[in-house]
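Data first, discussion second: the structure below is written as structure tokens.
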């Protein structure tokens, strides 16, 4: 039995479950998906401040997982922490931001990303840039909605994602990456209305982790992602 | 039953078989690997001239496959034809050059490619560049051997790949992509001697095709890779 | 007497003649232009599939020319084969795609390319990128016409090229490259209506080949474009 | 009186003091330097894992500073958190990584960075890349020492920095940035032995913050770095 | 007493005075600003021709300054001469083009430049490119006014700068650099009407020079900017 | 009769003659080469300071040529002034720096430049960058000689160029551009000793100018290189 952790970047367990359910649809019968929700951090992550807070919470959470899973999916789109997870774990770690791009690139000449709020755009751009994947990104487009509006009306939100996708296509995208995770029903809605393939990052990342495990591949430990040295680290405890 | 074609770029059936055997190791039990060898072209492809000849042969071969397989692996490292295959087929097409990079990038900060002969280096660089994957490539290193030497002594050839890998690591690579296909035993040899993950393009491409099929994803048809128009094309017949 | 072959990428002899006629206008009195039309391939090339087919046909045709001409113009805009021709021939080879850019760049800060159909855009971008000439390309704009419409009404087609040129100028182009070959009368039409220099790739490539010949320069043979090794290659025969 | 906080990325107060002392040397007489040490996190930061932990600790610390200082120097070289600080604060925030590059670039054609350990190199590269400053970076070179060796012998450490600087110069650097903070005496040692200007990030960042304050300039709040929305964030309490 | 020269690129003394007055607002009480106007050259610089003429005039002027000032601000936005000044002087030299970008970059994700006339755009782009600062430049926008119109109506000119700033913001700029010098009142006008920080190049460059002087930093002399060799140079005399 | 001016960047008439003689070898029988030497400036140009001085002198000289020639070759390798000449003249202007690259690029995968002194390297890099031609430049290598040594012993100088060329080839160059002008006999010496094509910038630029003239092409005047406005410019007179 292969065990793959799907780790949410925020503390909202329902979003973890949505992501884990998506992951379960793409794996083989011998794979168990382990949903993981940090016990502290942010209810939802928008912006660098939230992202750095969530990165610390996720990394502390991942420390506890070492030795219990065969691979990790980091299910925060554009969120930080990816490289830290690669240092502390010996199993393969895939971030949904990069995975969506890896799967989108062979499907069309350029891809676009659609995401929730404006302030996520810069983070996603940085995440794709440092992963070496920005070259074929035609556009990263937000819905133009505020955080509160996103929660308010799932249908309006989904339609705003469709509109963002159409703008990305107009900018040259031939494939669309869903720049979020844990929004139930969004993927089907967007797929139905756009004339291009729509890639879900959780599905893509889970498939990549499974494939890496089956090929016996994991993070290189010679240099950047060598295991951290033991030292005095004062991990905070949630009060 | 899912059927994935593994299409060699040259006419040497034994290399097709080696690639197909590698592909079989990474797929689920419900996947059939279909080895395909072009009936004309080059016995082995080294350089652009060979590559363009092989691209035409492979594309003619792929035309005959349409409707009979669920996805295609193009098993020529650095060889041409990828985009043409995406036009004429409706199923997903993955080239081993890009697949190796897609799987290598999340495993380390930069990757390197080791390949057979000097004249392959430029082609591989172009292939990675047009796929948008060159940014994190630390080096593409050839064995320094001539074509005849490659065939002569498999052990010496494998050792030359190891030496090339060490040079790539010195240039910053933390992961190595095997820049060839169909050389039996090479992967194990190189893995045993290098301190970093070694990615095989056939395995990576096959896993990507399988994952795309399972996710219902295929080539975008809105623009670059729309089906070719019917027109007068005089495909040559092998004499 | 200097002999320069102008090699069409498709099988339509009238287009070869139009290109050859354009070439004759720019050469010295001691230069003979040799029109060459492949005997198989595509009636017109649109997209990668056509391009790879035409590349094989052109390369086979060029093999037969070796020793009979002093230089070669490859007259397919954005089509493949350039690097292969440099391997198999010892005389200089210039592709009209690159030549147009080489002549456009010193005439303005950025250049634009206007071409026939949408699917040519990506190919032209790749061709300029791998030639190292994309940096100063402001835009590659297609006419928006379908293949059939292009043949239908030469005046409407020429006007569509003018409109595409105006869009390229709006995107920053100060010079326009005609991204096609063999369309009689198009160059004059576009030049008359645009306020910027209009570069014809056939004229530019022919002038470059003539200049290289007169300077005693030809393809470097030390590495990328060394002559292919003798080996078993099964060139198909047109049936 | 202008108040500028110099915020260490780790919990070692002696390093904060060294940085604050350096800052005091460059400011006007009406500027007070406020040393700030996070109460939790890492004793020293090496690698992404440490960096993400320290970023969360620093950001929580900065939240408490809002309204009490006129500008902030983030004194961790290559460490994360910069963009988050810009979101939560209304006063200007300068990171020593970017500041060193900003001051080095006008002093020579290319600059180099010398840093402690190998695993810092990738982080520094990412930090300079996302700040838009990597283009003129000739090299980022580590001392080759382990973490323990760094603490052991200050003279040997300083000499290792000099050797790293010489390698950076050989790679094209005409100016050297000290890629660390809080190492007493290092700057003088390196300056004495290298034939090029040596830029200290703390000094550069403090000068930039002072200049921004005097010009009435602070972070743009229209988009990327708008203040975070109020929401449920569970900041951990150090146990 | 620190002496910083503010050197105009043109011969219009009133513009020198406006720039010097701006510089005086940002320096410490122990800093004297020395306004310098070339005795020959152009009344105003628009385009490369003017810029190269002014560069020669400015460099001849700077030769006479050596040993009399502690640093130099080159107050021509996008004008040439920067690197030559670094060769002939031993004190730090900062150009207002680069300084504006250095101060703008930490204030927002991308910056924009607003400038007078269309032909300045290319020069500014080249100046930022060769300084390694173009990566985060979202747009360089001109007012669309002719040279004569600029002089005609200061209010209309200032409003045209505001409109250019709004276009730059629409293109992604979160900070605006004023791409000119010596226009009295412009900075305040634009700051009042745009929702983002507005950086003045003269202020930024003067602050950088002052900071470099206080840190004992000056131009690297090992390579690119080593002092010119004595040789026969025939500097023209203004007739 | 076509008249092409070959304009030296320095005041040494013997170098102008060497360049003009080279130009005469490549043009048709109906082309007259007009050697032009500035009456003031530098005896030889090394570095930015010399280059800006020479640019002003050359531009003043070119003003006097307008209407008397059909095209201009600017025969200073890496020297400034190119864009200014395009503004003030209506005939085509080609700089030998760019021309060498334009002719080298189609002859091999990457080109290298060999030049006299170290301080020329940065200038040449900037010149190729702003011309959009740096992408395929493998290396710019200087001879390591001082200015005085260059004049001393032509044979030793030529051998130093050969050694620089070998280093460029080791760095990936498959074609070499001679990064200087007016050194009699150098081209033959280097060609004889290097295994790759050697491109002379004067020959390349002259051929490009001739070809542009024959095709009726000249500088675009819509934007960047529009004719300068009449205004007060105080051109100095050589005393």
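Protein chains in written order, with our numbering: chain A, 6 to 244; chain B, 6 to 244; chain C, 6 to 244; chain D, 6 to 244; chain E, 6 to 244; chain F, 6 to 244. The beta carbon of each residue, even a glycine, is placed where N, CA and C say it ideally should be.
{"Asked": "Comparing the C-beta of residue 181 (chain C) with each C-beta of chain B, is any distance below 8 Å?", "Found": "no"}
{"Asked": "Looking at the unbroken beta strand (DSSP E) that takes in residue 8 (chain F), where does it start and where does it end?", "Found": "7-12"}
{"Asked": "Only counting the same chain, and skipping five residues up and downstream in sequence, which positions put a Cβ closer than 8 Å to that of residue 79 (chain A)?", "Found": "12, 14, 63, 86, 87, 90, 98, 99, 100, 101, 210"}
{"Asked": "So within the segment 151-192 of chain C, which uninterrupted alpha helix (DSSP H) runs reach at least 4 residues, ignoring any that extend past its ends?", "Found": "152-157, 159-175"}
{"Asked": "Can you tell me the Cα-Cα spacing of residue 189 (chain A) and residue 157 (chain A), whole angstroms?", "Found": "14 Å"}
{"Asked": "Whole beta strand (DSSP E) runs in the segment 69-105 of chain B with 3 or more residues, listed along the chain?", "Found": "76-79, 98-100"}
{"Asked": "Would you mind stating whether residue 152 (chain B) and residue 51 (chain B) have Cβ atoms separated by less than 8 Å?", "Found": "yes"}
{"Asked": "Give a yes or no on whether the C-beta atoms belonging to residue 107 (chain A) and residue 107 (chain B) are separated by under 8 Å.", "Found": "yes"}
{"Asked": "For residue 214 (chain A), tell me which candidate among A:16, A:28, A:17 has the shortest Cα-Cα distance.", "Found": "A:28"}
{"Asked": "Return yes when the Cβ of residue 203 (chain D) is within less than 8 Å of the Cβ of residue 174 (chain D), no when it is not.", "Found": "no"}
{"Asked": "Measure the C-alpha to C-alpha separation of residue 18 (chain E) and residue 42 (chain E) and round it to an integer number of angstroms.", "Found": "6 Å"}
{"Asked": "Relative to the C-alpha of residue 222 (chain B), which residue among A:67, A:196, A:96 is closest?", "Found": "A:196"}
{"Asked": "Quick one: Cα of residue 207 (chain B) to Cα of residue 133 (chain B), how far?", "Found": "16 Å"}
{"Asked": "By the criterion of Cβ-Cβ separation under 7 Å, what are the contact partners of residue 107 (chain B) in chain A?", "Found": "107"}
{"Asked": "Name the chain E residues that come within less than 7 Å of residue 99 (chain D), Cβ to Cβ?", "Found": "111"}
{"Asked": "If we count the other Cβ atoms within 10 Å of its Cβ and call it buried at 16 or more, is residue 56 (chain A) buried or exposed?", "Found": "buried"}
{"Asked": "Would you mind giving the Cβ-Cβ distance between residue 112 (chain B) and residue 224 (chain A), rounded to the nearest angstrom? I have them listed as a contact below 8 Å.", "Found": "6 Å"}
{"Asked": "For the beta strand (DSSP E) containing residue 231 (chain E), list its first residue and its last residue.", "Found": "Premise fails: residue 231 (chain E) is in no beta strand (DSSP E) and is neither H nor E."}
{"Asked": "Could you check the C-alpha separation between residue 130 (chain A) and residue 205 (chain A) for me, to the nearest Å?", "Found": "17 Å"}
{"Asked": "Please report the Cβ distance between residue 75 (chain E) and residue 93 (chain E), rounded to the nearest whole angstrom; I am assuming they are in contact, meaning their Cβ atoms lie under 8 Å.", "Found": "With 8 Å as the limit, residue 75 (chain E) and residue 93 (chain E) do not qualify as a contact, their Cβ atoms being about 16 Å apart."}
{"Asked": "How far does the alpha helix (DSSP H) with residue 35 (chain E) in it extend, from its first residue to its last?", "Found": "Neither: residue 35 (chain E) is in no alpha helix (DSSP H) and is coded neither H nor E."}
{"Asked": "Hey, quick one: how far does the alpha helix (DSSP H) through residue 135 (chain B) stretch, first residue to last?", "Found": "124-135"}
{"Asked": "Does DSSP classify residue 244 (chain C) as helix, strand or coil?", "Found": "Confidence at residue 244 (chain C) is low in this model, with a pLDDT of 47, below 50, so the placement of that residue should be treated as unreliable; the coordinate-derived value is given next. In this structure, residue 244 (chain C) counts as coil in the three-state DSSP scheme."}
{"Asked": "What separation, rounded to the nearest whole angstrom, lies between the Cα atoms of residue 81 (chain E) and residue 218 (chain C)?", "Found": "46 Å"}
{"Asked": "So which residues of chain C does residue 225 (chain F) contact, with C-beta pairs closer than 7 Å?", "Found": "112, 113, 179, 180, 201, 202"}
{"Asked": "Note down the Cα distance separating residue 54 (chain A) from residue 21 (chain D), rounded to an integer number of angstroms.", "Found": "23 Å"}
{"Asked": "Taking the alpha carbon of residue 178 (chain F) as the point to measure from, which residue in F:199, F:16, F:186, F:125 has its own alpha carbon closest?", "Found": "F:199"}
{"Asked": "Taking all protein chains shown into account, do 16 or more other C-beta atoms lie within 10 angstroms of the C-beta of residue 73 (chain A), making it buried, or fewer, making it exposed?", "Found": "exposed"}
{"Asked": "Just mark residue 110 (chain E) as buried or exposed, buried being the case when its beta carbon has 16 or more other beta carbons within 10 Å.", "Found": "buried"}
{"Asked": "Assuming residue 120 (chain E) is part of the alpha helix (DSSP H), what are its boundary residues?", "Found": "Per DSSP, residue 120 (chain E) belongs to no alpha helix (DSSP H); it is in the beta strand (DSSP E), 116-120."}
{"Asked": "Near residue 148 (chain B), which residues of its chain fall below 8 Å by C-beta distance, leaving aside the five closest residues on each side in sequence?", "Found": "119, 120, 121, 122, 155, 162, 165, 166, 168, 169"}
{"Asked": "Strictly below 8 Å CB to CB, what residues from chain E border residue 233 (chain F)?", "Found": "51, 52, 54, 55"}
{"Asked": "Determine the extent of the beta strand (DSSP E) in which residue 146 (chain B) is found, giving its start and end residues.", "Found": "142-147"}
{"Asked": "Taking Cβ-Cβ distances shorter than 7 Å, what residues in chain D pair up with residue 152 (chain A)?", "Found": "234"}
{"Asked": "Specify, as a first and last residue, the run of the beta strand (DSSP E) that residue 207 (chain E) falls within.", "Found": "First-last for residue 207 (chain E): 206-219, but that is the alpha helix (DSSP H), not the beta strand (DSSP E)."}
{"Asked": "Residue 27 (chain A) by DSSP, collapsed to three states: which one?", "Found": "helix"}
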